[in-house]
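> What follows is a structure written as structure tokens; I'll ask about it next.
In the working numbering, the protein residues as written are 2 to 191.
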């Protein structure tokens, strides 16, 4: 976003520091802050003309309350854009592929890891709405989404730890996901 709008100041906010990003990749008009969106955002009161949120609702304890917090960060006339979706694999008929476990036929580390992430959110009472859309039809978009999947695995580490998964297991899922995702052959929908 900072590259597309070089005249704007861009602030990236996440629960964890950005991964797979070097300082050379970050434009001068962009900075990242580590913060918990579940806490008060008063320090950003009326700071932004635009807030763009992608796939962050799974980490929010109170979505309605968060929307009020975000409203306070916008300047008068500001705009909130929310983009969301599940990163689970679907078949050609848009039916979710079943979550399989290591050693079972059809096992996929990517499907297993994302299934585990969403099971944890469901256990905490967060039930995302599924509305699958294919993104393999357009190669550029498909490659961007695959890259986003790998980067997003890191962002869910704290959540997976909080629902009882071992850090060594999570690190292995992330590593395997990074290795196999560029070669992923399953037609994909999210």
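C-beta: ideal position from N, C-alpha, C; glycine also.
Just list the residues that DSSP pairs residue 54 with in beta bridges.
Stepping through the chain shown from its first residue, residue 54 is reached at position 53. 83, per the DSSP bridge assignment.
> Which residues in the same chain have their Cβ closer than 6 Å to the Cβ of residue 54, if we skip the five residues on either side of it in sequence?
As a first step, residue 54 must be located in the chain shown, where it is residue number 53. Contacts found: 83.
> Are three or more beta carbon pairs between the region 151-162 and the region 114-123 nearer than 8 Å?
Segments in contact, yes.
> Could you tell me if residue 119 is buried or exposed, where buried requires 16 or more neighbouring beta carbons within 10 angstroms of its beta carbon?
The residue labelled residue 119 in the question sits at position 118 within the chain shown. Buried: at least 16 other Cβ atoms inside 10 Å.
> Residue 7 and residue 25 - do their beta-carbons sit closer together than 8 Å?
Along the chain shown, one-based indexing puts residue 25 at 24. Along the chain shown, one-based indexing puts residue 7 at 6. Taking 8 Å as the Cβ cut-off, residue 25 and residue 7 do not qualify as a contacting pair.
> Mind checking who residue 18 pairs with in its DSSP beta bridge?
Here residue 18 refers to the residue found at position 17 when the chain shown is read from its first residue. Bridge partners of residue 18: none, in fact.
> Note down the Cα distance separating residue 43 from residue 4, rounded to an integer number of angstroms.
Within the chain shown, the letter at position 42 stands for residue 43. Within the chain shown, the letter at position 3 stands for residue 4. Residue 43 and residue 4: Cα-Cα distance of roughly 27 Å.
> Whose C-alpha, out of 69, 61, 158 and 74, is nearest the C-alpha of residue 50?
Numbered from 1 along the chain shown, position 49 holds the residue referred to as residue 50. The shortest C-alpha separation from residue 50 is found at 74.
> By Cβ distance below 6 Å, which residues in the same chain neighbour residue 14 in space, the five residues on each side in sequence not counted?
Numbered from its first residue, the chain shown carries residue 14 at position 13. Around residue 14: 34 and 36.
> What's the C-alpha gap between residue 10 and residue 163?
Position 9 of the chain shown holds residue 10. Position 162 of the chain shown holds residue 163. Using only the alpha carbons, I get a separation of about 33 Å.
> Cα separation between residue 28 and residue 100?
Translated into positions along the chain shown, residue 28 becomes position 27. Translated into positions along the chain shown, residue 100 becomes position 99. Taking the straight line from one Cα to the other gives about 39 Å.
> Consult DSSP for residue 27 and reduce its assignment to one of helix, strand or coil.
Here residue 27 refers to the residue found at position 26 of the chain shown. If DSSP states are grouped into helix, strand and coil, residue 27 belongs with coil.
> Between 16, 106 and 39, which lies nearest to residue 65 when the distance is taken from Cα to Cα?
As a position in the chain shown, residue 65 is number 64, starting the count at 1. Among 16, 106 and 39, the Cα nearest to that of residue 65 is on 39.
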